[in-house]
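J.:
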Amino acid sequence: MELQVGKSYRVKNDIFSFKAGEVWSLVDEGYQAYFGEHNFVFVNAEKNCHFMVLRNTSDEDMEIYCHLDRYFEEIEEYNNNFISLSLDKKDTMKILVIGIGVIGSIYGYVFSKAGHTVTHYLKKDSKKNNIHTLNVHILDGRGHKKGLSYTDSYSIEHATEKEYDFIFIAVPSGKLASVIEELNREHITGTLLIACGIWEDKNYLEKLLGNRPYVLGYPVAGGNLEGETLKACLFDHFMLESKAKTTIDNYDDLVKLFSDCHIALEHPYDMLEWIWLHLAINAGVISVASTTMENYSNNAQTTEAAEKLMQSAKLLKQAVKSVRETVKIVASRGVVLKHYNNELLPYKLPTFLSAPLMKRMFANNILTQKIMTLHNNLPDLLYVCKCVYEEGKKKGIEAPLFYKNCSKLPM
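According to UniProt numbering, the stretch in the sequence shown is residues 1 to 411, in order.
1) In the DSSP assignment, find the alpha helix (DSSP H) that holds Asp252 and state where it starts and stops.
2) I'd like to know if the segment 21-40 and the segment 137-152 are in contact, where contact means that at least 3 CB-CB pairs between them fall below 8 Å.
3) From residue 438 to Tyr71, what does the alpha carbon distance come to, in whole angstroms?
4) In three-state terms, what does DSSP make of Val136?
5) If you compare alpha carbons, which of Leu26, Met62, Ala45, Ala399 is closest to Thr5?
6) One question on the structure: do Asp140 and Leu134 come within less than 8 Å of each other, judged by their Cβ atoms?
7) DSSP three-state call for Thr160: helix, strand or coil?
8) Starting from the C-beta of Leu122, find all residues in its chain whose C-beta is less than 7 Å away, skip the five residues before and the five after it, and write them out in chain order.
9) Under a three-way DSSP split, which group does Asn80 fall into?
10) Mind checking Phe352: buried by the 16 CB within 10 Å criterion, or exposed?
11) Going by DSSP, what residue range makes up the alpha helix (DSSP H) through Leu225?
12) Helix, strand or coil for Ala399, going by three-state DSSP, please let me know.
13) Closer than 8 Å by C-beta to Leu87: which residues in its own chain qualify, once you throw out the five before and the five after it? Chain order, please.
14) Alpha carbons only, please: which of His237, Lys175, Tyr204, Lys404 is nearest the one belonging to residue 412?
15) State whether the segment 261-270 contacts the segment 381-397, with contact taken as three or more CB pairs (one from each stretch) at a distance under 8 Å.
16) With distance defined between alpha-carbon atoms, name the residue in Ala305, Tyr9, Asp253, Gly30 nearest to Glu74.
17) Roughly how many angstroms separate the alpha carbons of Thr57 and Val136, rounded to a whole number?
18) If you compare alpha carbons, which of Val220, Pro219, Gly217, Ala177 is closest to Tyr204?
19) Measure the CB-CB distance between Ile371 and Gly222 and report whether it falls below 8 Å.
20) To the nearest whole angstrom, what separates the beta carbons of Leu309 and Val288, a pair I think is in contact under 8 Å?
21) Should Ser149 be listed as close to the ligand FAD, given that the test is whether its C-beta is under 7 Å from any heavy atom?
22) Indicate the three-state DSSP secondary structure (helix, strand or coil) for Ile75 in the structure shown.
23) Would you mind reading off the limits of the alpha helix (DSSP H) that contains Gly284?
24) Identify whether Met411 lies in helix, strand or coil by the three-state DSSP scheme.
25) Figure out for me which residue from Leu277, His187, Lys359, Thr292 has the closest Cα to the Cα of Asn341.
26) Along the chain, where does the alpha helix (DSSP H) containing Arg185 start, and where does it finish?
27) Please classify Asp380: does DSSP put it in a helix, a strand, or coil?
28) Pick out whichever of Ile366, Lys394, Cys406, Asn282 has its Cα sitting closest to the Cα of Tyr347.
Have a look at this one:
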């Protein structure tokens, strides 16, 4: 028996977390060759999600895989009206994604899969106006610590309306102002979910956004987009400003949106400070990884540099030292670092401990490997280094290793 996506099944006999008599619909399946795993994703009428992983190396798993008919039976009457992760119409939210970029497309895809109405806004002269479908190759970390690898297609709907529940903004560093200008010019409204790297301060944001309702977030995802092919890596959580620090009146709807997608929310002490810190850590790591690059002309060089970094204890030691310097630059902005001890712990340990631990983590965590190698947008990476470098120099912060490596970059 072969389980098919879009079909509904009744459980005949208990298996893993599935109980006899339950009805589940298969919404995704795939084979992860790297681990020799057959992956299945099911949802039920209550929108609960269950995963089943059958490994080639397990005789018991292979016995199940070869005799799935012992555990599942197809239910024809459910197939026409059971839609994957479907929502009641009253629960459906209207989401506008700005552009067709990597992060916006990843989350637009999962919002759409969860049953919400997702459209993309593009300028009239955008070169991507002719894109109507993306071929998605994704390593999905929701519900599976090693990630579930599968392919799918994402139908891109182009925006025609003016009012939305949420406007998802994930644009390259430094492009936020032009997006807000465009939204104002076109009179497009909705609560802004700003999910991009922001190096500017709160005053800048308040002046830029005016009276627009907004909330800050940060994606835990990455990838690249070439033509109509999206290669993506998605983790099971998303960083979001806490409700107490926002003034938007539909925060609970935002929580539900991510819950519908089986994505947990994590709330740092201060979202904007956390973003600064994250950018500074990235800058420290990027500056060291760049020392292995012969030139800066293509994305393949960036991917290769990330691979070399993850495999070298020596380079990772340098990265830890560089991050310690860039973190001091963030502290010079008045950020109290003790609020972010969890994020900074790997960089506080002696390098003879932290570097081997990081190397082992990269070797064992396929999701982290993937996001490191897929995030190869060189202009965006260089912009991050430039922001942190200029801030450190302006404040007179001592960061000799970071400055030395950055001086060789075409920032």
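Beta carbons: idealized from backbone N, C-alpha and C, even for Gly.
T.: By the coordinates alone:
1) 251-260
2) yes
3) Only positions 1 to 411 of the chain appear in this structure, which leaves residue 438 out of reach.
4) strand
5) Before going further, note that residue 5 is Val rather than Thr in the sequence given. Nearest option by C-alpha distance: Leu26.
6) no
7) coil
8) Gly99, Ile100, Lys128, Asn129, His158
9) Residue placement at Asn80 is poorly supported in this model, since its pLDDT is 43, which falls under 50; the coordinates are not used for a value here.
10) exposed
11) Note, Leu225: premise wrong, no alpha helix (DSSP H); beta strand (DSSP E) at 221-226.
12) coil
13) At Leu87, the pLDDT of 49 sits below 50, so the modelled position is not reliable and the matter cannot be decided from this model.
14) Beyond the ends of the chain as shown, which are 1 and 411, falls residue 412; an answer cannot be given.
15) no
16) Tyr9
17) 28 Å
18) Ala177
19) yes
20) 7 Å
21) In the structure shown, the ligand FAD is absent, as is every other ligand, since no ligand is present at all.
22) coil
23) 271-289
24) coil
25) Leu277
26) 176-186
27) helix
28) Asn282
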